[in-house]
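Those letters in the sequence shown? Residues 90 to 361, by this note's numbering.
Working notes, beginning with the structure itself.
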Amino acid sequence: MSTTADRTSAAALDTGVWLHGVVAEADPATLAGITGIAGTPVRTVAAAGLVAVVSDAPLTEYGEEALRRNLEDLAWLERAARSHHAVVDALSRAGAVVPARLATVYRDDDRAARALVERRDELTATLARLTGREEWGVKGYVVPGATPRVEEPAGGGGAGAAYLRRRRAQLSAREEGQRIAADAAAAVHTALAGCAVAARRHAPQDRRLSGAPTAMVLNGAYLIDRDGLDAFSALIGALADRHPEIRLELTGPWPPYSFVAEPEPHPVRGAA
């Protein structure tokens with residue numbers, strides 16, 4: 090691990106300062122094994138009673154113009170997101186952390202420190218709210234065949250008419266199944282939110298992203314007291330029994346991305 094004290098100026102090295110997250114205090118032993126965004130060691134910038142965990146980022150790849158271009162490159166974006174998340178995840182396992190928005194880059198340590206000063210009250214309050222708590226995710230997927238079947242209407246006519254009746258019945262059954270699953274997802278989220286410190290319902294992921302064979306109808310995030318996890322898990326089990334039309338999946342713990350304010354991104358520029 091390197092520190093601000095033993096580092097040459099980022100501006101002199103033509104590197105920026107990539108912010109991973111903010112903590113109340115950083116344990117050197119925790120930081121020692123963490124690699125930052127560009128394969129460089131993470132280090133700290135302290136100000137206003139807060140600690141920013143950062144890593145040096147070459148401006149040729151992470152400067153304002155380069156970022157604008159690279160953020161359109163999905164392969165680059167995935168690598169950057171994985172590197173950033175790995176640091177935030179390690180910090181969250183050691184204690185409360187306010188994760189930084191992806192691609193928050195400052196021109197130098199002074200600008201990073203200034204941001205801590207400007208956001209001191211907000212960051213301090215957020216860290217206090219997150220202490221002793223974790224983010225857990227609950228996803229809900231449609232269970233095929235778990236909803237009532239719509240009977241095919243009887244009727245005369247030839248094969249063409251019978252085919253149209255079957256298609257209408259199938260579409261009606263699909264729509265009814267989706268409605269029932271959506272209602273169940275809403276009920277599940279409401280119940281889980283009542284057991285959580287805070288809750289957010291994100292947009293369902295596309296099947297290509299989730300990798301699930303059926304549609305996602307619930308993509309919830311819940312901030313849970315660590316000593317309340319058993320009760321939360323038990324509630325998920327009870328809700329799964331109550332709503333067999335959706336399959337519930339508990340994921341986590343995650344860094345609390347869903348429960349921190351996202352300030353406007355800071356473009357890389359020289360200190361004013």
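Yeah, the Cβ is synthetic: ideal placement off N, Cα and C, and Gly gets one too.
In this text the structure is predicted, and so the values were computed from the model without any measurement.
Quiz item: Near THR93, what residues of its chain come up, given a Cβ to Cβ distance below 6 Å and the 5 sequence neighbours on each side ignored?
Solution: Reliability of the predicted coordinates at THR93 is poor, the pLDDT of 45 falling under 50, and the value obtained from them is presented with this limitation in mind. Closer than 6 Å at Cβ, skipping near neighbours: VAL134, ASP198.
Quiz item: When every heavy atom of the ligand HEM is checked, does at least one fall within less than 7 Å of the C-beta of VAL134?
Solution: Summarising the ligand content, the structure contains no ligands, and the ligand HEM is consequently not present.
Exercise. Return helix, strand or coil for LEU108, following the three-state DSSP convention.
Key: strand
Practice problem: Let me know if HIS332 comes out buried or exposed under the rule of 16 or more other beta-carbons within 10 Å of its beta-carbon. | Solution: buried
Quiz item: Considering only residues of the same chain and omitting the five flanking positions on each side of THR124, which have a CB-CB separation below 6 Å?
Solution: none
Self-check item: Identity of the residue in ALA169, VAL227, HIS291, ALA287 nearest ASP314 by Cα
Solution: Among ALA169, VAL227, HIS291, ALA287, the Cα nearest to that of ASP314 belongs to ALA287.
Quiz item: Buried or exposed: ASP145, going by 16 or more other Cβ atoms within 10 Å of its Cβ?
Solution: Answer is buried; the Cβ neighbour count reaches 16.
Quiz item: By how many angstroms is the C-alpha of LEU212 removed from the C-alpha of ALA202?
Solution: A direct Cα-Cα distance of roughly 13 Å separates ALA202 from LEU212.
Practice problem: Note down the Cα distance separating THR97 from VAL177, rounded to an integer number of angstroms. | Solution: Since pLDDT at THR97 reaches only 47, below the 50 mark, its modelled position is unreliable, and the value read off the structure follows with that caveat. If you take the alpha carbons of THR97 and VAL177, they lie about 25 Å apart.
Quiz item: Are the beta-carbon atoms belonging to VAL227 and ALA270 less than 8 Å from one another?
Solution: no
Exercise. Just mark GLU334 as buried or exposed, buried being the case when its beta carbon has 16 or more other beta carbons within 10 Å.
Key: So GLU334 counts as buried.
Quiz prompt | Classification of GLY152 by the beta-carbon crowding that lies within 10 angstroms, buried from 16 upward | solution = buried
Quiz item: Quick one: is PRO233 buried, meaning 16 or more other Cβ sit within 10 Å of its Cβ, or exposed?
Solution: exposed
Quiz item: Given a threshold of 16 other Cβ atoms within 10 Å of its Cβ, counted over all protein chains shown, does VAL186 qualify as buried or as exposed?
Solution: buried
Quiz item: Among the residues of its own chain, which have a CB less than 7 Å from the CB of ARG297, if the five just before and after it don't count?
Solution: none
Quiz item: Taking C-alpha atoms, which residue in VAL206, ALA113, GLY309, SER299 lies nearest to GLU224?
Solution: GLY309
Quiz item: Which value, in whole angstroms, describes the spacing of the CA atoms of VAL111 and ALA137?
Solution: 12 Å
Quiz item: Just the Cα atoms here: how many angstroms apart are VAL349 and THR215?
Solution: 7 Å
Self-check item: CB-CB length for ALA204 against TYR195, believed under 8 Å
Solution: Their Cβ separation, rounded to whole angstroms, is 7 Å, which keeps ALA204 and TYR195 in contact under 8 Å.
Exercise. Could you name the residues of the same chain whose beta carbon sits closer than 7 Å to that of GLN294, not counting the 5 residues immediately before and after it, in chain order?
Key: MET305, ASN308
Quiz item: At which residue ranges does the segment 315 to 354 contain complete beta strand (DSSP E) runs of 3 or more residues, listed in the order of the chain?
Solution: The qualifying runs are 335 to 343.
Quiz item: Fully enclosed by the segment 111 to 143, which beta strand (DSSP E) runs are 3 residues long or longer?
Solution: Listed in chain order, they are 132 to 136.
Self-check item: Rounded C-alpha distance that separates THR119 from LEU139
Solution: 17 Å
Quiz item: Is DSSP giving ALA301 helix, strand or coil here?
Solution: coil
Practice problem: Along the alpha helix (DSSP H) that carries ALA175, what are the first and last residues, could you check? | Solution: 163 to 183
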